[in-house]
Amino acid sequence: MYKQDHHPVALEASIVADPLYARFCSLPVCKDLSFRDTMLLFSCFEPTVIEAGQTIYTAGSPSRHVMYLLLDGEVSVASASGDVYARLGAGEVFGLFSFLDDQRPHSASLRAEREVVALSLSRSYFDLITLEDPLLGGKLLLFMFRLLSRMALKLENEYAAIHEYALGRRV
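Quick note, the sequence shown lines up with residues 145 to 315 if you use this note's numbering.
(1) When we look at the beta-carbon of GLY217 and count the other beta-carbons within 10 Å, is it buried (16 or more) or exposed?
(2) Check this for me: beta carbons of PHE168 and LEU232, under 9 Å apart or not?
(3) Just checking my contact of SER223 with ALA203 at CB under 8 Å: how many whole Å lie between their CB atoms?
(4) Would you check if the distance between the CB atom of LEU254 and the CB atom of LEU292 is smaller than 9 Å?
(5) Who pairs with TYR309 in a beta bridge, going by DSSP?
(6) Is there contact between the region 243–254 and the region 175–189, where contact requires at least three CB pairs shorter than 8 Å?
(7) Should the region 189–208 be regarded as contacting the region 296–314, the criterion being three or more beta carbon pairs within less than 8 Å?
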């Protein structure tokens with residue numbers, strides 16, 4: 145977790161030695177970040193393990209204001225009726241919308257199908273980082289924007305495929 149009082153060399157060494165750091169660096173959203181920015185962003189997240197079979201949250205439940213970057217494992221995504229419509233794996237994110245919008249309840253139910261190793265960030269900790277280190281807060285916002293952009297592109301491609309299938313031709 146990010147701490148301003150660490151000696152920079154010791155902090156860098158401890159981050160680089162963390163096995164989760166290599167997984168974090170391999171995420172597509174990190175590919176254009178500098179070494180320093182990658183380390184700083186990684187240090188803001190908390191390692192989180194969710195046991196297989198555990199419900200992470202249910203559709204309609206109030207937000208816990210936490211976003212997760214999935215490093216390992218599998219999460220099923222189900223509608224309020226319980227129909228599973230997606231599975232998330234390494235490199236994907238969940239909880240971002242309710243992290244950003246504190247009035248928004250969860251739109252789906254999520255369950256760990258296999259043990260999940262993730263990095264989590266709470267909104268309250270993000271707010272503290274933004275106050276104490278506005279530059280790092282800005283980098284976190286840009287990181288989240290890139291995550292949202294990747295999600296939007298995925299949805300656009302899925303919509304285009306559905307549209308093409310429904311019409312039986314290319315648009």
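Glycine included, each C-beta is placed from N, C-alpha and C at the ideal position.
With the structure as the only source:
(1) The count along the sequence shown starts at 1 and reaches residue 217 at position 73. The residue is buried, with at least 16 neighbouring Cβ atoms inside 10 Å.
(2) Your numbering for residue 168 matches position 24 in the sequence shown. Your numbering for residue 232 matches position 88 in the sequence shown. No; because the gap between Cβ atoms is not below 9 Å, this pair is not in contact.
(3) If you number the sequence shown from 1, residue 223 lands on position 79. If you number the sequence shown from 1, residue 203 lands on position 59. Going by Cβ atoms, the distance from SER223 to ALA203 rounds to 7 Å, so yes, they are a contact pair.
(4) Your numbering for residue 254 matches position 110 in the sequence shown. Your numbering for residue 292 matches position 148 in the sequence shown. In this structure, LEU292 does not lie closer than 9 Å to LEU254 by Cβ.
(5) Start at 1 with the first residue of the sequence shown, and residue 309 comes out as number 165. In the DSSP output, where bridge partners are listed per residue, TYR309 has none listed.
(6) no
(7) no
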